[in-house]
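Anchor point for the sequence shown: position 231 equals 432 in this note's numbering, and the numbering is continuous, going up by one each time.
See structure below.
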Amino acid sequence: MPISQTPPQQPYSPKSLKHPRSLQKSLSYLLKEQRLLFILVGILIGAVFFLINPSLSPSDPRPQILSVAARESFVHRGDPDYESRFADRGGFRHSKSVGRVPTNVMGTLNMLGLAKRIGARFLLTSTSEVRIARIFNTYGPRMCLDDGRVVSNFVSQAIRKQPMTVYGDGKQTRSFQYVSDLVNGLVALMEGEHVGPFNLGNPGEFTMLELAEVVKETIDPSATIEFRPNTADDPHKRKPDISKAKDFLNWEPKISLRDGLPRMVDDFRNRILNEDEGKGNK
């Protein structure tokens, strides 16, 4: 029986690249069969269309989404209204939990920094297992002596015989909760069935001047006040609505400012005295 033989195949070799068209050939191609005319007519029709219906033009202020890798620091030139930070996905097969930690931590830090620079509102998403507490102004023993918050500032200044610094006219209001009330609220949140968000704060409202008067009554009636210009972004009022925490956590603050402040003052006075003695021994 004869055996058919196939001719040997030539080894594959890639085709040589075509030389790019020269400028003269490209112009010649466009001028043939009125191709350039059709292109110009198309541009003209598009321009007329957007003039008639400007709402569909590229300048239309519709929502635009910019997707970025939050783990990397970046510079965005624009003026967004909202900034969203979505948690790194987890829980699927072969997922690497350790790798998500830098993304969720550093990513949130980068996005918060961007929101601060451009003045955007920040949205942080998470899962249903996460409890959310919105913590309002808290004071108490063992705070940093000079952490920049108003209660610790006033107390430290009054003990050191320095003028208490009030920014603006002192009529802006804040609410102050004692630290043990906050701890009880956080424990109730973690042990409860509801994830929140819950406002945890004391709804008792004080102006900065009223707070300064309470500090004077507690520490030194002869303490003085020094007024300085206020910052433009200082909120005029901050008072928590804790009705949800009352209903679902059965929680509300128990310690008033006049009851809690002396406990903080005792701690601050002891630490400032020890600090001054340490400086004197050097």
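Idealized CB from N, CA, C, for every residue including glycine.
Check: Asp435 C-beta below 7 Å from any heavy atom of the ligand HEM: This structure does not include the ligand HEM; it has no bound ligands of any sort.
Rounded distance between the beta-carbons of Met409 and Val351, thought under 8 Å: Taking the first residue of the sequence shown as position 1, residue 351 is located at position 150. Taking the first residue of the sequence shown as position 1, residue 409 is located at position 208. With 8 Å as the limit, Val351 and Met409 qualify as a contact, their Cβ atoms being about 7 Å apart.
Own chain residues within Cβ distance below 7 Å of Phe469, not counting five before or after: For the purposes of this step, residue 469 is taken as the residue at position 268 of the sequence shown. The residues are Leu346, Val356, Ser357 and Ile360.
Neighbourhood of Met344 by C-beta, 6 Å cutoff - its chain only, sequence neighbours within 5 removed: Along the sequence shown, one-based indexing puts residue 344 at 143. So the qualifying residues of the chain are Ser353.
At least 3 beta-carbon pairs within less than 8 Å: the stretch 397 to 404 vs the stretch 430 to 437: no
N-terminal and C-terminal residue of the beta strand (DSSP E) that Phe428 is part of: For the purposes of this step, residue 428 is taken as the residue at position 227 of the sequence shown. Element bounds for Phe428: Ile426 to Arg429.
Beta-carbon gap between Leu324 and Ala389 smaller than 8 Å: In the sequence shown, residue 324 corresponds to position 123, counting from 1. In the sequence shown, residue 389 corresponds to position 188, counting from 1. No, the Cβ-Cβ distance between Leu324 and Ala389 is not below 8 Å.
Neighbourhood of Ala446 by C-beta distance below 6 Å, restricted to the same chain and skipping five residues each side: The sequence position of residue 446 within the sequence shown is 245, counting from 1. Correct list, in chain order: Phe399 and Trp452.
Pro463 classed as buried or exposed, judged by whether at least 16 other C-beta atoms fall within 10 angstroms: For the purposes of this step, residue 463 is identified with residue 262 of the sequence shown, where counting begins at 1. With fewer than 16 other Cβ atoms within 10 Å, it is exposed.
Met365 in three-state terms, based on DSSP: Residue numbering aside, residue 365 sits at position 164 when the sequence shown is read from its first letter. Here Met365 sits in strand by DSSP.
Beta carbon of Ile456 nearer than 8 Å to that of Val367: Taking the sequence shown and counting its residues from 1, one reaches residue 456 at position 255. Taking the sequence shown and counting its residues from 1, one reaches residue 367 at position 166. No, the Cβ-Cβ distance between Ile456 and Val367 is not below 8 Å.
Buried versus exposed call for Met391 [16 or more other C-beta atoms within 10 Å across all chains shown]: Against the sequence shown, residue 391 aligns to sequence position 190. The residue is exposed, with fewer than 16 neighbouring Cβ atoms inside 10 Å.
Residue ranges of each alpha helix (DSSP H) within the stretch 387 to 434, 4 or longer: 409 to 419
Buried versus exposed, by CB contacts within 10 Å (16 or more), Pro430: As a first step, residue 430 must be located in the sequence shown, where it is residue number 229. Exposed, because fewer than 16 other Cβ atoms sit within 10 Å of the Cβ of Pro430.
Phe377 to Pro441 span [Cα, whole Å]: By 1-based counting over the sequence shown, the position of residue 377 is 176. By 1-based counting over the sequence shown, the position of residue 441 is 240. Rounded to whole angstroms, Phe377 to Pro441 spans 10 Å at the Cα level.
Cβ contact check for the stretch 412 to 425 and the stretch 334 to 342: 3 or more pairs under 8 Å: no
Nearest-angstrom Cβ-Cβ length linking Phe407 and Thr432, presumed shorter than 8 Å: The sequence position of residue 407 within the sequence shown is 206, counting from 1. The sequence position of residue 432 within the sequence shown is 231, counting from 1. Not quite, the Cβ-Cβ distance comes to about 19 Å (not below 8 Å), so this is no contact.
Helix, strand or coil at Thr309 according to DSSP, with G and I counted as helix: Taking the first residue of the sequence shown as position 1, residue 309 is located at position 108. Helix, per DSSP.
8 Å contact criterion, which Ile333 and Leu383 should meet: CB distance rounded: Locating residue 333 in the sequence shown gives position 132, counting from the first residue. Locating residue 383 in the sequence shown gives position 182, counting from the first residue. Rounded, the Cβ-Cβ distance is 15 Å, inconsistent with contact.
Arg322 (DSSP reduced to helix, strand or coil): Locating residue 322 in the sequence shown gives position 121, counting from the first residue. When DSSP states are grouped into helix, strand and coil, Arg322 belongs to the strand group.
Local conformation of Ser376 per DSSP, three classes: Counting from 1 along the sequence shown, the entry for residue 376 is found at position 175. The DSSP-derived three-state label of Ser376 is strand.
Reference Glu330, options Arg322, Val415 and Gly393, closest by Cα: One-based indexing of the sequence shown puts residue 330 at position 129. Residue Gly393 is the option with its Cα nearest to Glu330.
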